[in-house]
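Residue numbers (our numbering): 16 to 351.
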């Protein structure tokens, strides 16, 4: 394990925002992680655990330790008729999806093209196109920062919710995830509940996993900017889940409201639709902007945005949506 000082974080966040870490540690192996925990460094100063940096907005230099997970080993095994895949926290999610499909381990396909890492999939309960990480996670292996002790969190221990887990809640900054184990299947069954996927594959009776992955990738990048082309953190806001009476109030005035079924007595509203109705789609505020193809995405419009620019834009969007619809948008991105 090597501690570096004064490291630029610009290439380690997909928004492409310039910030500097006072101290920086890359974790590439189990030994690196053990050395970090044994050093007590994380008990002495502020720290941030960073994966792909695809869901973070830096508003300042980080006066502490940035720990970047780069461990990426993958192991395959069996559990009865199922396939278990243990992937280390630094493995890029898109790479894991494709590796699993190539080896005949299915179930992750709808998470293709997500630029984040395996560790973040458990922290954030990432989801896309009708699939959430919780649907396939068997357990999470993590280490308590204060004691260095390992703990296995079974799926039910993780308290998964919409873009939520125990690692973002009561155990935030208490554990470092080393690996995640997914329970997959050797039989491919496409999940095509998302309309754009079903439409794109309408002519194929039995699409292969590779074809589904390709279509998901095409659909994703038709709506979201590739990080190398324009900086963003993907979907910036959560789609708000509201009581049915709130939905009925809004849809009465706005019959075109896009909404989806949620838990009993609630509806999930399209944040992107509401933002677009407020006139923000394709509009900039200073160096930050709302993406012209998807209003749910905030972007580094000219490559010069600072974190404060993004936060100012987000605040303006939240204010306008609340004034028009009476619904408070909550960022999915993490503001540092």
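Every residue gets a Cβ at the ideal spot worked out from N, C-alpha and C, and that includes glycine.
Here the structure is a predicted model, which means the values were calculated and not measured.
Residue interval of the alpha helix (DSSP H) (run including residue i)
| i | result |
| --- | --- |
| residue 226 | 224-238 |
| residue 190 | Note, residue 190: premise wrong, no alpha helix (DSSP H); beta strand (DSSP E) at 190-199. |
| residue 83 | Element bounds for residue 83: not the alpha helix (DSSP H) but the beta strand (DSSP E), 77-84. |
| residue 114 | 108-117 |
| residue 220 | From DSSP, residue 220 is part of no alpha helix (DSSP H); its letter is neither H nor E. |
Range of the contiguous beta strand (DSSP E) that encloses residue i
| i | result |
| --- | --- |
| residue 65 | 62-65 |
| residue 153 | 152-159 |
| residue 49 | Premise fails: residue 49 lies in the alpha helix (DSSP H), 45-54, not in any beta strand (DSSP E). |
| residue 165 | 165-169 |
| residue 41 | 35-42 |
| residue 327 | Residue 327 -> not in any beta strand (DSSP E); alpha helix (DSSP H) instead, spanning 322-340. |
| residue 21 | 18-23 |
According to DSSP, residues forming a beta bridge with residue i
| i | result |
| --- | --- |
| residue 242 | None; residue 242 has no bridge partner. |
| residue 91 | 100 |
| residue 179 | 176 |
| residue 142 | 147 |
| residue 350 | 72 |
| residue 132 | 107 |
| residue 27 | DSSP, once it has assigned bridges, lists no residue as partnering residue 27. |
| residue 121 | 200 |
Cβ distance (whole Å) where residue i is taken to contact residue j below 8 Å
| i | j | result |
| --- | --- | --- |
| residue 124 | residue 89 | Residue 124 to residue 89, Cβ: 16 Å. No contact. |
| residue 198 | residue 128 | Contact flag wrong, Cβ pair sits at about 22 Å. |
| residue 160 | residue 137 | Rounded, the Cβ-Cβ distance is 16 Å, inconsistent with contact. |
| residue 154 | residue 168 | 6 Å |
| residue 246 | residue 299 | That pair is no contact at about 13 Å. |
| residue 71 | residue 320 | At roughly 14 Å, the Cβ-Cβ gap does not stay under 8 Å, so residue 71 and residue 320 are not in contact. |
| residue 201 | residue 32 | Not a contact, Cβ separation roughly 42 Å. |
| residue 142 | residue 66 | Not a contact, Cβ separation roughly 16 Å. |
| residue 79 | residue 38 | 7 Å |
| residue 351 | residue 344 | Actually they are not in contact, since the Cβ atoms of residue 351 and residue 344 sit about 19 Å apart, beyond 8 Å. |
| residue 104 | residue 193 | 6 Å |
| residue 262 | residue 212 | Actually they do not touch by this definition, with Cβ atoms about 25 Å apart. |
| residue 74 | residue 326 | 6 Å |
Exposure label - residue i; buried when at least 16 CB within 10 Å
| i | result |
| --- | --- |
| residue 165 | exposed |
| residue 189 | exposed |
| residue 84 | buried |
| residue 171 | exposed |
| residue 249 | buried |
| residue 51 | buried |
| residue 282 | buried |
| residue 19 | exposed |
| residue 289 | buried |
| residue 221 | exposed |
| residue 254 | buried |
| residue 109 | buried |
| residue 17 | exposed |
| residue 258 | exposed |
| residue 58 | exposed |
| residue 26 | exposed |
| residue 92 | exposed |
| residue 218 | exposed |
| residue 7 | Since the first residue of the chain shown is 16 and the last is 351, residue 7 is not available in this structure. |
| residue 242 | buried |
| residue 29 | buried |
Kindly provide the ranges of any alpha helix (DSSP H) runs that are 4 or more residues long and lie completely inside the stretch 236-317, ordered along the chain. With a minimum length of 4 residues, the unbroken runs of alpha helix (DSSP H) contained wholly in the stretch 236-317 fall at 259-268, 286-292.
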